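Working notes, structure below.
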Amino acid sequence: MDTLIKLPFIYDFDSALIRLSNDPVNAVNIQGRFVRIPMAEGNIVTVRGIGTKEEPLFQLEGMLNDLQINTVKTIFHFDQSLDDVQKHFQQTDLAPIFNKYEGMPLVRSFSLYGRLMKGIIHQQLNKAFANTLTMRFVEIYGQQVEGVWTYPSPEVVAQLQVAELRNMQFSERKAEYVIGLSKAIAEGGLNLEELRQLDEEEIVRILTNYRGIGPWTAQNFLLFGLGKPNLFPVADVGLQNALKKLWGMDRKPTKLEITERFSDWSPYMSYAALYLWKSIE
DNA sequence: TGCCAGGAATTGC
DNA sequence: GCAATTCATGGC
Numbered sequence: 004m005d006t007l008i009k010l011p012f013i014y015d016f017d018s019a020l021i022r023l024s025n026d027p028v029n030a031v032n033i034q035g036r037f038v039r040i041p042m043a044e045g046n047i048v049t050v051r052g053i054g055t056k057e058e059p060l061f062q063l064e065g066m067l068n069d070l071q072i073n074t075v076k077t078i079f080h081f082d083q084s085l086d087d088v089q090k091h092f093q094q095t096d097l098a099p100i101f102n103k104y105e106g107m108p109l110v111r112s113f114s115l116y117g118r119l120m121k122g123i124i125h126q127q128l129n130k131a132f133a134n135t136l137t138m139r140f141v142e143i144y145g146q147q148v149e150g151v152w153t154y155p156s157p158e159v160v161a162q163l164q165v166a167e168l169r170n171m172q173f174s175e176r177k178a179e180y181v182i183g184l185s186k187a188i189a190e191g192g193l194n195l196e197e198l199r200q201l202d203e204e205e206i207v208r209i210l211t212n213y214r215g216i217g218p219w220t221a222q223n224f225l226l227f228g229l230g231k232p233n234l235f236p237v238a239d240v241g242l243q244n245a246l247k248k249l250w251g252m253d254r255k256p257t258k259l260e261i262t263e264r265f266s267d268w269s270p271y272m273s274y275a276a277l278y279l280w281k282s283i284e
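Position one of the first sequence corresponds to residue 4 (the working numbering), numbered consecutively onward.
Next up, the structure:
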């Protein structure tokens, strides 16, 4: 049973697919204009773009109930217009970037746990190597459903030994972080779904209590995991480089220099981050 | 080749 | 408390 979704606002699905394709874990087909995503319930859903940027139309294929349709809408930012965001940034220094990439949505992660694991793995590593490590992690400990890779469960990772991950070129600390956090989740000490109900500061406070999660990883989780619209990871090197370029500086701006100016982008600072990342891809 | 990478914990003062 | 150092390895 397929479902059609028509959006009454500009939405650039191709840019969403390109962004998703940066992560080799995702089953993206750019030319075919679709992505296959693993749902929490274990089934695979195909999201296919059959419209245009100006008249977005999507076909959802797979066994979907109403709840899953809503989940897909939330993940892909189908449930909220981008018009207000676009309008807001016209009055800021980011207007050229937003005009260039108009309609690029903030697509959420398919798995909260996967987002955290990916966040830890990517800390302080170049993207190419980080992706290699993430893919290795998923292929060895995760599972493939209808050809789509999914992250392993926290229960599986909680049972691993540090030495196993060391053999996969994880650093000692990274291995400890990944296993330790998975143990906390598997044993029930940390429930990621329940974090949704809390405010952002509380979520950051809880998450950063765990070894391996600092401000950057917590904000990464808020932005891409929960899809919070208004945060800007000032510690992110990629964003610092993007602002260096935008502001014509000969060095990266300091965190203070960023925070002095980023309130112009509120209440959509997450979109500022997303579009700035795009500007240096 | 040396510095950097979508950082975080630990140590040293 | 805050800054400097350590971790760890591929990429360019």
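C-beta: ideal position from N, C-alpha, C; glycine also.
Please read all numbers here as calculations on a predicted model, not as lab measurements.
Asked: Chain-order list of residues whose beta-carbon lies under 8 angstroms from that of residue 97 (same chain, five-residue window excluded); Found: 249, 268, 275, 278 and 279
Asked: Range covered by the alpha helix (DSSP H) that runs through residue 158; Found: 157 to 161
Asked: Unbroken stretches of the beta strand (DSSP E), 3 residues or longer, contained in the stretch 126 to 191; Found: 146 to 148 and 151 to 153
Asked: Distance CB(residue 47)-CB(residue 141) smaller than 8 angstroms; Found: no
Asked: Where the alpha helix (DSSP H) containing residue 99 begins and where it ends; Found: 98 to 103
Asked: Whole alpha helix (DSSP H) elements within the stretch 193 to 233, 4-residue minimum; Found: 203 to 210 and 218 to 223
Asked: Backbone secondary structure at residue 56 - three-state DSSP; Found: coil
Asked: For residue 63, the residue or residues it bridges with in DSSP; Found: 6 and 50
Asked: Residue environment, residue 223, which counts as buried when at least 16 other CB atoms sit within 10 Å; Found: buried
Asked: Candidates 258, 215 and 214: closest to residue 235 by CA position; Found: 258
Asked: Identified DSSP bridge partners for residue 2; Found: Since the first and last residues shown for the chain are 4 and 284, residue 2 lies out of range.
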